Structure formats: C-alpha cells, structure tokens
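Have a look at the structure below, then the notes.
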Amino acid sequence: MVKLAANLSMMFNEVPFLDRFAEAAACGFKAVEYLFPYDFAPDELAEKLNAAGLQQALFNLPPGDWENGERGLSSLPGREDEFMESLEKALTYAKALKCPRLHVMAGMRQHGANTETYVANLKKAAKRAALDGVNLCIEPINQRDIPGFFLATTGQAVDVIEAVDEPNIGLQLDLYHLQISEGDLAMRTRALLDRVEHIQIAGNPDRHEPDIGEVYYPFLFDLLDGLGYQGWIGCEYRPKGETKAGLSWAADYGVSV
1 MVKLAANLSM MFNEVPFLDR FAEAAACGFK AVEYLFPYDF APDELAEKLN
51 AAGLQQALFN LPPGDWENGE RGLSSLPGRE DEFMESLEKA LTYAKALKCP
101 RLHVMAGMRQ HGANTETYVA NLKKAAKRAA LDGVNLCIEP INQRDIPGFF
151 LATTGQAVDV IEAVDEPNIG LQLDLYHLQI SEGDLAMRTR ALLDRVEHIQ
201 IAGNPDRHEP DIGEVYYPFL FDLLDGLGYQ GWIGCEYRPK GETKAGLSWA
251 ADYGVSV
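Numbering of the sequence shown is given in UniProt numbering, commencing with residue 1 and proceeding in unit increments.
Here it is as structure tokens:
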C-alpha cells in the first residue's frame, strides 16, 4: 500500500511552517518529512506533529554552512568532530519527534570530500544512531540540481553502504534524482529495493507534482506494492501552483482536499 509523506519544506508554503502540519493532515497525509527542523525547538515541533496526528518520517542532519554552499559534513576531512556534533543534535530532535530515520547529506567535492572520510564517519555515526534505534540514509543527488555533490549515483551509494557494513544504514532513493542521473527507474528500483530505507518522488524534469512530466508514477507505485515496499514515499516536490490545487494526483492514495 502506497503511504505518502508530505514534504513540508516544499509543500504548503502558502502558510507559515508550523501551520503546515495541520494543513497536511487536513489533506489526508499521515506522515511528514522536511529538510531541517533546527529553526524550532524539538518540543514545539513535537506538539504540532502530535496535534495533527502525524508521524515524522524523515529529516536531515545539519548540513554545515548552507548559506555558503555546504551540503553536508560527512565526507569532509577535518570536520569529523563537527559532524558527530551534528549527529547528536539530530538525534535529540529524532527522539522528541519519534523519528526512526535520518538523512546524512554527503557534502561537496569542492570542499574536499573523499570516500575514506565518508565511510569512516558513516560507520561511527551508524553505531551511535543504533543506540537510539535510529536508521541512517544516504541519498545520491543529481549533478544538475547540486553540481559537485559528492554522492552522485546509486552505484556509488551501494559501494559506500557495503563499505560501512552496519545494519542501520540504507539508501534514500529519490526517483526524481535517479531519473535525471541514471534513468531505467523500474529496473533500478527492483535491483536496489533491498537497500532502500526511504523513497522520494517528484515530477521530472521540473520537480513539480508527480503527475506532471515524463515519469508515470502510478506504474512505479504498483511496482513498489508488488515488491512489498512498506515504507514511506516522501513527496519532495515544488507545487506548480497552490499546494491543494495540485493534489488530485494523490486521490487514489488517501490524500484529498
């Protein structure tokens, strides 16, 4: 059964962030995700989440200096202590929000990213997160949206996951990024699903609603059902217009306006 999570960083931008929980719930979403929670206190977010009857599916570790182009610390040599501090901060939020998984952004090649640092940091982070019952995800991101992002392909991600070799690290499979970088979505999804911790979607190529563009998501949803995927599917897209006006695509999956 397809389970959709609203991405509150991109959807329901018609209202302030803390009001988006109630908006998502009113449309029938049962879970939410977003990029970063750190502008708000954990208890404040938990109150909004619980009042709306929602589950927290996912959020990201602090990315470093976002305004100056940093997109994660996990692969950057010399930043190991800062990375582990960012993990501790994220775990504090995960506990308050009862969030079972966190996305660890890789970082940028131009900032010195390398595989040795990446694997070592992820191994240490996975061991620490396991103490709190939290799983970690890594996500390949296409080089058009974030040129120079260190983790660029699913093959690279699988190699890293195998090198880390911890039971609580998996793949965040964003089908929007996968279509741009590699294509062949159905076959790659079949091959990768045993590694997948979380899935995200958006329409290609402009990252609008999933029913706009070149990918036919109902086929992929049926495929995921047939393969027995039980996790959340995060709607990480930018609505082309007002969020509610573009939700008709999700009517068959428990979401309506």
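All residues carry an ideal CB built from backbone N, CA and C; glycine is no exception.
Quantities reported herein were computed from a predicted structural model and do not represent experimental measurements.
Remark: C-beta atoms of Arg238 and His208 approach each other more closely than 8 Å. Using a C-beta cut-off of 8 Å, the segment 118-126 makes no contact with the segment 89-97, since fewer than three inter-stretch Cβ pairs fall below that distance. For Arg101, the pairing in a beta bridge is given by DSSP as Asn135. The DSSP-derived three-state label of Asn204 is coil. Excluding residues up to 5 positions away in sequence, Leu4, Cys27, Gly28, Phe29, Leu247 lie with their Cβ nearer than 8 Å to the Cβ of Val255 in the same chain. Note on geometry: alpha-carbon atoms of Gln156 and Arg109 lie some 14 Å from one another.
Listed in chain order, the non-local C-beta contacts of Gly64 below 6 Å within the same chain comprise Glu70, Leu73, local neighbours out to five positions each way being set aside. Sorting Trp232, Glu33, Ala120, Thr115 by C-alpha distance to the C-alpha of Met10 places Glu33 at the top. In the DSSP assignment, Ala31 is bridged to Ala5, Gln55. By alpha-carbon distance to Val104, the top candidate from Ala96, Leu97, Lys95, Tyr118 is Tyr118.
Close CB contacts of Leu18 within its chain, under the 6 Å cut and outside five residues either way in sequence, are with Lys48 (chain order). In the DSSP annotation of this structure, the continuous segment of the alpha helix (DSSP H) that includes Leu220 starts and ends at 217-227. If you draw a straight line from the Cα of Phe21 to the Cα of Ala52, it is about 6 Å long. Met187 sits in a helix when the DSSP states are folded into three classes. In the DSSP secondary-structure assignment, Asn60 is bridged to His103. Counting along the chain, the unbroken alpha helix (DSSP H) around Gln179 starts and ends at 175-181. Across the structure, Pro218 and Gly241 are spaced so that their CA atoms are roughly 22 Å apart. Its Cα nearest to that of Leu97, the residue Leu54 stands out among Gln143, Leu54, Asn121. Leu151 sits close to Ile141, with the two beta carbons spaced by under 8 Å. A residue is called buried when at least 16 other Cβ atoms come within 10 angstroms of its Cβ; Asp159 does not meet this threshold and is exposed. For His111, DSSP records no beta bridge to any residue. For Arg79, same chain residues with a beta-carbon under 6 Å away, outside a window of 5 residues either side, are Leu73 in chain order. Its chain contains Leu227 as the residues whose beta carbon lies nearer than 6 Å to that of Leu193, once the 5 sequence neighbours on both sides are disregarded; these appear in chain order.
The three-state secondary structure of Leu91, taken from DSSP, is helix. From the listed residues Leu136, Leu173, Val15, the smallest Cα separation to Leu102 is found for Leu136.
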